[in-house]
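Taken in order, the sequence shown gives residues 99 to 309; the numbers are from the working numbering.
Okay, so here's the structure we're looking at.
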Amino acid sequence: MKINYDVLMQKEMEKFNHKKKLLLHSCCGPCSSAVILRLKDYFDITILYYNPNIEPEEEYIKRKNEQKRLIHELNLGIHFKDSDYEHEAFLEASKHLEKEPEGGARCHKCYYLRLQKTGELAKKEGFDYFGTTLTVSPYKNSEVINSIGLLIEKDLNKAYYEENKSVLVTRFLVSDFKKREGYKKSIELSKTYHLYRQDYCGCLFAKDVDS
99 MKINYDVLMQ
109 KEMEKFNHKK
119 KLLLHSCCGP
129 CSSAVILRLK
139 DYFDITILYY
149 NPNIEPEEEY
159 IKRKNEQKRL
169 IHELNLGIHF
179 KDSDYEHEAF
189 LEASKHLEKE
199 PEGGARCHKC
209 YYLRLQKTGE
219 LAKKEGFDYF
229 GTTLTVSPYK
239 NSEVINSIGL
249 LIEKDLNKAY
259 YEENKSVLVT
269 RFLVSDFKKR
279 EGYKKSIELS
289 KTYHLYRQDY
299 CGCLFAKDVD
309 S
């Protein structure tokens, strides 16, 4: 039976009696727009911009600046956390997978790379949850993304327990942000804030496929 991750997320958030701290990986400003509005009443949100897949570097910087501008213009007290470009990490992760179809094994490696970094930082800096905006896209498989996030959650907490002999719950926020017209809202918000909307996911392998 197919899991409705949107319903699971909503049920999880409704348990809160105060705002939780969320480290939210964002691929770009447009994708984060509707997601931020969906989560703002439940979380103290910090956006992590970690996208080593994006190429060329000028494109990476352009998207990062749009993300920062959106946060500033929303004026909701959203925090921003930058990260190093680390493009070599993506190239290493995608080695021998360059010709994989879009949405295939190369993309799964890319999701893992970005979510692992997000989870590690969330654990290190004491966030209650980590998550990603990736599931807002109709071109991304939410089941795959959530499975990867939950696997990282399990590994992170197991490692912490073995080192400290106590339990620290740094949880992955399951999601399917395309539900409830999330993708449509992101397009509308992009128009409202005049956001740059790119025409490929970020890596040049995908751009070659689309062209």
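From the three backbone atoms N, C-alpha and C, an ideal C-beta is built for every residue, glycine too.
With a 10 Å radius around its C-beta and 16 neighbouring C-beta atoms as the bar for buried, classify ASN102 as buried or exposed. For the purposes of this step, residue 102 is identified with residue 4 of the sequence shown, where counting begins at 1. Exposed.
Just confirm the distance between the C-beta atoms of SER284 and SER124, as a whole number of angstroms; I'd bet it's less than 8 Å. Taking the sequence shown and counting its residues from 1, one reaches residue 284 at position 186. Taking the sequence shown and counting its residues from 1, one reaches residue 124 at position 26. Their Cβ separation, rounded to whole angstroms, is 11 Å, which puts SER284 and SER124 out of contact at 8 Å.
Through-space distance from GLU153 to TYR147, alpha-carbon basis: Taking the first residue of the sequence shown as position 1, residue 147 is located at position 49. Taking the first residue of the sequence shown as position 1, residue 153 is located at position 55. Their backbone Cα atoms lie some 14 Å apart in a straight line.
Counting only runs of 3+ residues fully inside the region 224-290, write out the beta strand (DSSP E) ranges in chain order. 227-230
Taking its Cβ as the centre, do 16 or more other Cβ atoms sit within 10 Å of SER309, making it buried, or is it exposed? Taking the sequence shown and counting its residues from 1, one reaches residue 309 at position 211. For SER309, the predicted structure reports a pLDDT of 36, less than 50, and the residue's modelled location is therefore unreliable. A value from the coordinates is still provided. Exposed: under 16 other Cβ atoms inside 10 Å.
Determine the closest residue to MET111 out of ILE134, VAL133, PHE141, with distance taken between C-alpha atoms. Position 13 of the sequence shown, counted from the first residue, corresponds to residue 111. Of the candidates ILE134, VAL133, PHE141, the one whose C-alpha sits nearest the C-alpha of MET111 is PHE141.
Have a look at the DSSP bridge pairing and note the partners of HIS194. Taking the sequence shown and counting its residues from 1, the one referred to as residue 194 is at position 96. None, per the DSSP bridge assignment.
Under 8 Å, with one C-beta from each stretch per pair, do the region 211-222 and the region 248-256 reach the 3-pair mark? yes
Taking only three categories from DSSP, how would you classify HIS206? Reading the sequence shown from its first residue, position 108 is the one you call residue 206. In the structure shown, HIS206 sits in a helix (DSSP, three-state: H, G or I).
In whole angstroms, what is the alpha-carbon distance linking VAL133 and LEU195? Here the question's residue 133 lines up with position 35 in the sequence shown. Here the question's residue 195 lines up with position 97 in the sequence shown. So the two alpha carbons sit approximately 30 Å from each other.
Short Cβ contact (8 Å threshold) for CYS129 with THR268: Working through the sequence shown from its first residue, we reach residue 129 at position 31. Working through the sequence shown from its first residue, we reach residue 268 at position 170. Going by C-beta atoms, CYS129 is not nearer than 8 Å to THR268.
LYS138, DSSP secondary structure in three states: Translated into positions along the sequence shown, residue 138 becomes position 40. In this structure, LYS138 counts as coil in the three-state DSSP scheme.
Along the chain, where does the beta strand (DSSP E) containing LEU174 start, and where does it finish? Taking the first residue of the sequence shown as position 1, residue 174 is located at position 76. No beta strand (DSSP E) contains LEU174, which DSSP labels as neither H nor E.
Alpha carbon to alpha carbon, what distance is there between GLU164 and TYR294? Start at 1 with the first residue of the sequence shown, and residue 294 comes out as number 196. Start at 1 with the first residue of the sequence shown, and residue 164 comes out as number 66. Looking at the two C-alpha atoms, the distance is approximately 7 Å.
Who are the Cβ neighbours of LEU172 in its own chain at under 7 Å, not counting the five residues just before and after it? The count along the sequence shown starts at 1 and reaches residue 172 at position 74. Cβ neighbours of LEU172 beyond the five flanking positions: ILE134.
Measure the Cβ-Cβ separation of GLY280 and VAL234 and say whether it is below 8 Å. For this step, residue 280 is matched to residue 182 along the sequence shown. For this step, residue 234 is matched to residue 136 along the sequence shown. It is a contact, given that the beta carbons lie within the stated cut-off.
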